[in-house]
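The numbering of the sequence shown is this note's numbering, which starts it at 202 and goes up by one. Think of the CB as a built atom: it goes at the ideal place given N, C-alpha and C, for glycine as much as any other residue. Just so it is clear, the structure is predicted and the values come from calculations on it, not from any experiment. Following: one structure in structure tokens, then a few remarks.
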Amino acid sequence: MHLGPDHLIVAAQVAFSDQISADQAEDVADDIDRRLTGRLQPVPHVFLDPTQARPGADFAMRTRCELR
């Protein structure tokens, strides 16, 4: 969400695998924040909402939005 010339908010629901630890999830969130900050100007405020994956969701589908 672009709120003005110097304000950008990025908010996303992120479904983590049940097999990763809380520390790993935090590392992933930090990496997402760092990579977005490196690519977007102005520097965004990043909010991630960890959610449970939908039952039967395909792992490939959940990782499609991976930052490159």
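For Gln214, the uninterrupted beta strand (DSSP E) segment begins and ends at 208-216.
At least 7 angstroms separates the beta-carbon of Ala213 from that of Leu237.
For Val247, the enclosing beta strand (DSSP E) stretches over residues 246-252. Judged by DSSP in its simplified three-state form, Leu204 adopts strand. Counting of Cβ neighbours within 10 angstroms places Val247 among the buried residues, the total reaching 16 or more. Our two residues, Asp207 and Gly239, have alpha carbons roughly 15 angstroms apart in a direct line.
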